[in-house]
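Quick note on the numbering used here: the sequence shown kicks off at 1 and runs consecutively.
Single-structure report; data block below.
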Amino acid sequence: MIKTISIFLILFLFVGCVSQDQKDKDQIKETVAKYWDAVKNNDIQAYNNLIYDAENYPGVTVGDLNFLYNHYNMINSKGMLQKDIKIKDTVGLSPNIKMKYIQYVYKKESDANSLRKPLKITLLFYKPIGYNKIYNPVILENHIGWEK
């Protein structure tokens with residue numbers, strides 16, 4: 001009897017952990033979909049609502065949104081922004097800080113010799129603030145001069 005209860009308890013805990021992990025992934029995917037909708041529509045209010053502490057970085061968020069909006073068709077030429085969402089694990093400044101991120105990397109097709117660094121778009125998530133917010137307001141890397 002005790003063995004049966006123990007097995008049931010372990011199974012219940014396992015199912016609970018798996019379903020919470022799936023809920024977290026679903027929340028991140030929903031946030032990413034809203035993020036790309038805000039970019040596509042050039043909606044700064046919706047964009048800032050998805051960035052944690054965005055009010056403290058108005059220049060960063062406006063600049064990133066402007067760049068992404070102006071290059072949206074090129075970046076999303078294959079329609080994969082909301083379909084190809086691969087959530088990866090990472091750590092923050094210390095190994096105890098567990099985070100998740102999604103990263104898109106784009107090389108210019110016209111840069112056959114790989115002279116320019118690829119454009120990187122990184123969406124970082126931190127569970128304590130909620131997966132409905134992107135933790136780091138600095139989304140873009142290597143974007144200055146990328147369009148040339």
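Cβ atoms here follow ideal geometry from the backbone N, Cα and C, with glycine treated the same way.
| Check | Outcome |
| --- | --- |
| Identify every residue that forms a DSSP beta bridge with F125. | K100 |
| Within a Cβ cutoff of 6 Å, which residues of the same chain sit near N48, ignoring the five residues on either side of it in sequence? | A54 and T61 |
| Thinking C-beta only, is Q22 closer than 9 Å to Y131? | no |
| List the DSSP bridge partners of Y106. | L119 |
| Is I97 buried or exposed, if buried means 16 or more other CB atoms sit within 10 Å of its CB? | exposed |
| From K83 to Y106, what distance separates their C-alpha atoms? | 16 Å |
| What residue range is occupied by the uninterrupted alpha helix (DSSP H) comprising V60? | P58 to N70 |
| Identify the residues that DSSP records as bridge partners of I91: which are they? | A small fix is needed here, since residue 91 is Val in this sequence, not Ile. Answer is K98. |
| Under 9 Å between the Cβ atoms of G145 and R116? | yes |
| How many Å lie between K133 and P118 at the Cα? | 25 Å |
| Please report how far the alpha carbon of Y72 lies from the alpha carbon of K40, in whole angstroms. | 7 Å |
| Taking the DSSP output, what are the residues bridged to E141? | K120 |
| Taking just the CA atoms, how far does S94 sit from A46? | 31 Å |
| Hey, could you find the ends of the alpha helix (DSSP H) A46 is sitting in? | I44 to N49 |
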